[in-house]
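Here is the structure we will look at.
4 protein chains.
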Amino acid sequence: MKQAARSVRHKSRVALLLVEVINHFEFPDGKDILRRALAIAPPLARLKKRARAAGVPTIYVNDNFGQWRTDTKKLLQYCLRPKAPGLHFVEQLQPDDDDYLILKPMHSGFYQTPLDLLLRELGASSLILSGLATNSCILCTAHDANMRHLKVIVPRDCRTARTAREHGQALEHIVAMADAKVVTSSSSLRLGTLHG
Amino acid sequence: MKQAARSVRHKSRVALLLVEVINHFEFPDGKDILRRALAIAPPLARLKKRARAAGVPTIYVNDNFGQWRTDTKKLLQYCLRPKAPGLHFVEQLQPDDDDYLILKPMHSGFYQTPLDLLLRELGASSLILSGLATNSCILCTAHDANMRHLKVIVPRDCRTARTAREHGQALEHIVAMADAKVVTSSSSLRLGTLHG
Amino acid sequence: MKQAARSVRHKSRVALLLVEVINHFEFPDGKDILRRALAIAPPLARLKKRARAAGVPTIYVNDNFGQWRTDTKKLLQYCLRPKAPGLHFVEQLQPDDDDYLILKPMHSGFYQTPLDLLLRELGASSLILSGLATNSCILCTAHDANMRHLKVIVPRDCRTARTAREHGQALEHIVAMADAKVVTSSSSLRLGTLHG
Amino acid sequence: MKQAARSVRHKSRVALLLVEVINHFEFPDGKDILRRALAIAPPLARLKKRARAAGVPTIYVNDNFGQWRTDTKKLLQYCLRPKAPGLHFVEQLQPDDDDYLILKPMHSGFYQTPLDLLLRELGASSLILSGLATNSCILCTAHDANMRHLKVIVPRDCRTARTAREHGQALEHIVAMADAKVVTSSSSLRLGTLHG
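Chains as they are written, first to last, in the working numbering: chain Y, 11 to 206; chain W, 11 to 206; chain L, 11 to 206; chain Z, 11 to 206.
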């Protein structure tokens, strides 16, 4: 059996991570997060579009929601069913054919997933970290990236949390302790390319 | 966002691992392995059936074949298309709805995958290790299991490699160095339950 | 060569972690942290004494300070030299002969260290997390423990950070997001034994 | 607290690993391994000397022998005491002041150790893998290196196992399955520099 890891479709010093955007929002505080998430969907969709145009790979880093089936399509269908609470959020941010998908079992995108290996394959040393939620999966992923000497870039308008207070404190913490740079989404790509 | 990892559908001291059985056999030496793999498909299918009847979870541990899409269904369809070289092998060993699926990027089932976490969730401390190929993914997975103090059980008739010689040497090595027990497939379940 | 991991000297459902207490405080903000650290040294020393009396293992989880020599004794001597800034702090918290020592290269006590394996060997499922600094190594270690389903217990008076604000925010975050329990140091041992 | 990992003393595309050479040989089959190990000590010592002259970093990757104290000095003293069985072996291969030391809890040099991070710090993408024993720690470390896309170079005369048969089979396996190159010790450095 050979290792199949060598066939990534991009080479790029920066990668765009979309954390937990394929989401059913069916968990405690789901409604609170969804309400705030809807506000970041348009800038996030624009950022993804710009990344694509620039040849920057987009990686969906998503909870497996306890299914252990690694069947992203089924999860996507569930989140996009007509009555899904997050339908309007998820439909703006659907994965394209050349995006990458990583299912994570816990909070950090690096814990027991192949994210580290995928980033090495892509040649990426900078991450643009976007999605949900600033004080949970984003924060854990930022720390794990920093411990791997990956540069973390945070587009200010592309992440959120349950409350403005939690979001603000987590952002401040990530900048101070995980060495992240906070920028506007429109400047994040340029920065990643420069620092990668 | 909450961790979703707690919702496994089994509790069992032993788990059955099927390594690389959802396979397109389109790699160097693929034909050699397929020829030998066909011989282990029937006992493997029987072992899986017995595991199911006994409430023992089956975990498919499969290569992502460089797709990075975590889309097992698509991979399965590809391996089961009418002209697929391994059609007759794969169709005997298709995953059922309550099986678990792990996509691995490299040789070992534990490297950058959530297998370790899934086994903890299941409560499994013994692994019945079956599939392809004895001297590659099976050997690496056996060592990684042994380093995690998991007991490795090897059903003699449910694994193979490119050649009888490679298979034999690897089996001898796994028993000596990864503390594995070689048994017949019919006795492996009982042993796992005893030692789990 | 055999694995040597099986010879731990304790069996306990709870373990006491002392993070970064063998410290030279020779880094930016080192003076600020030291000033606040001196206040937690006496309760921390008492907690360690109680743990020992109760048969609860103490694990020092310490930065390797870039030395890559795994020579804890040398590091200890350096931190205890007559002119060391942190002499008065470190001398209250020196490791005993039956304590365990883990050198970590980065922030989290789990990242590229054998802490996970040591805890499995000890049988510990609860951690009492103490030391420096609340919003950095403690926070990262708490998240990594939570992702491994380890119960985190935080003795209120045994941890600190550069400022009261950073300490307070980090504590609030750890409780909310890493499912930790904040208690007085005197009740932490009892709690660990109950929940372990 | 800052991360201290950035202060390695070398930059090199290749690193020399000495596996299990600080050894007390007090385990089953220890005498058999020691007898064969004595034959590789002189070429190994010469290889280490050449590495040093070429600015290639030497990393000792050693068992912690269940002590969990990360006190390499004490372990070294024990292995060098007048009546130590392996005295004559270990004294030829003592670490120098600018060598690196990694204590591993299990077989592979990568499992729950900072070896991966240290190699990234050094900039090393090739490993010269030497020491004990070919079919155990060396084999596991070779596979783990290969899964990390590190190039493995095997100096033929600098490794051994309990028996010539086990050594030979393991060497053949490592070359076939972990993509390693077997060379003479005198050519390994040059090769590493070329391929790094």
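Beta carbons are placed, not taken as given, at the ideal position from N, Cα and C, and that holds for glycine. Model, not experiment: these values are computed from the prediction.
Review point. Who are residue 132/Y's beta bridge partners in DSSP?
Key: Answer is none; residue 132/Y lacks a bridge partner.
Exercise for review: Could you say which of 103/Y, 95/Y, 185/Y and 114/Y lies nearest to residue 37/Y if we only look at CA atoms?
Suggested key: 95/Y
Check your understanding: From the beta carbon of residue 77/Y, is the nearest beta carbon of chain L less than 8 Å away?
Key -> no
Exercise for review: Can you say whether residue 151/Z is buried or exposed, counting buried as having 16 or more other CB atoms within 10 angstroms of its CB?
Suggested key: buried
Practice item. Tell me, please, whether the CB atom of residue 88/Z is closer than 8 Å to any CB atom in chain L? Key: no
**Study point:** Short Cβ contact (8 Å threshold) for residue 31/Z with residue 141/Z
**Key:** yes
Point to revise | Within the stretch 80–123 of chain L, ranges of the beta strand (DSSP E) (whole runs, at least 3 residues) | key: 110–114
Exercise for review: Give the interface partners of residue 112/Z over in chain L, defined as CB-CB distance under 9 Å, in chain order.
Suggested key: 78 and 80
Point to revise | Residue-chain proximity (residue 150/Y, chain L), Cβ-Cβ < 8 Å | key: yes
Exercise for review: Look up residue 165/Z in the DSSP assignment and say whether it is helix, strand or coil.
Suggested key: strand
Review point. Curious, which full-length alpha helix (DSSP H) runs of at least 4 residues does the stretch 38–87 of chain W contain?
Key: 40–63
Review point. How do the stretch 69–78 of chain Z and the stretch 116–132 of chain Z stand: do at least 3 beta-carbon pairs fall below 8 Å, yes or no?
Key: yes
Point to revise | C-alpha gap between residue 134/W and residue 196/Y, whole angstroms | key: 48 Å
Check your understanding: Does the Cβ-Cβ distance between residue 183/L and residue 145/Y come in under 8 Å?
Key -> yes
Check your understanding: What did DSSP end up calling residue 185/L once you bin it into helix, strand or coil?
Key -> helix
Check your understanding: For residue 190/Z, which of helix, strand or coil comes out of DSSP?
Key -> coil
Check your understanding: How long is the line joining the alpha carbons of residue 193/Z and residue 178/Y, rounded to whole angstroms?
Key -> 57 Å
Practice item. List the residues of chain Z whose Cβ lies closer than 7 Å to the Cβ of residue 145/W, in chain order. Key: 183 and 187
Practice item. Return helix, strand or coil for residue 137/W, following the three-state DSSP convention. Key: strand
Exercise for review: Could you check the C-alpha separation between residue 59/W and residue 160/W for me, to the nearest Å?
Suggested key: 23 Å
Point to revise | Cα-Cα separation between residue 77/Z and residue 122/Y, rounded to whole angstroms | key: 28 Å
Practice item. Taking only beta-carbon positions, decide if residue 83/L is within less than 8 Å of chain Z. Key: yes
Review point. Is the CB of residue 19/Z under 8 Å away from at least one CB in chain Y?
Key: no
Review point. Got a sec? Which residues, its chain only, sit under 8 Å from residue 61/L by beta carbon, not counting five neighbours each side?
Key: 26, 67, 68, 138 and 199
Exercise for review: Grab me the residues of residue 43/W's own chain with a C-beta within less than 8 Å of its C-beta, minus the 5 sequence neighbours each way, in chain order.
Suggested key: 35, 142, 143, 170, 171 and 172
Check your understanding: Residues of chain L with a CB under 9 Å from the CB of residue 102/Z: which are they?
Key -> Under the 9 Å cutoff, chain L gives no residues; its nearest Cβ is about 19 Å from residue 102/Z.
Review point. Who does residue 152/Z pair with in a DSSP beta bridge?
Key: Answer by DSSP bridge pairing: none, since residue 152/Z is not bridged.
Check your understanding: Pick from 20/Z, 190/Z, 97/Z and 19/Z: whose alpha carbon is nearest that of residue 48/Z?
Key -> 97/Z
Check your understanding: Hey, how far is the Cα of residue 81/Y from the Cα of residue 103/L?
Key -> 50 Å
Check your understanding: Looking at the C-beta of residue 95/Z, does it have a partner C-beta in chain L at a distance below 8 Å?
Key -> no
Review point. Is there a Cβ from chain Y that is less than 8 Å from the Cβ of residue 122/W?
Key: yes
Check your understanding: Does the beta-carbon distance from residue 29/Z to residue 131/Z come in below 8 Å?
Key -> no
Review point. Taking the alpha-carbon positions, what's the residue 33/Z to residue 165/Z distance?
Key: 20 Å
Review point. How far does the beta strand (DSSP E) with residue 27/Z in it reach, from first residue to last?
Key: 24–29
Exercise for review: Can you have a look at residue 101/L and say buried or exposed, based on whether 16 or more other CB atoms are within 10 angstroms of its CB?
Suggested key: exposed
**Study point:** Separation of residue 93/L from residue 93/Z, as counted between CA atoms
**Key:** 40 Å
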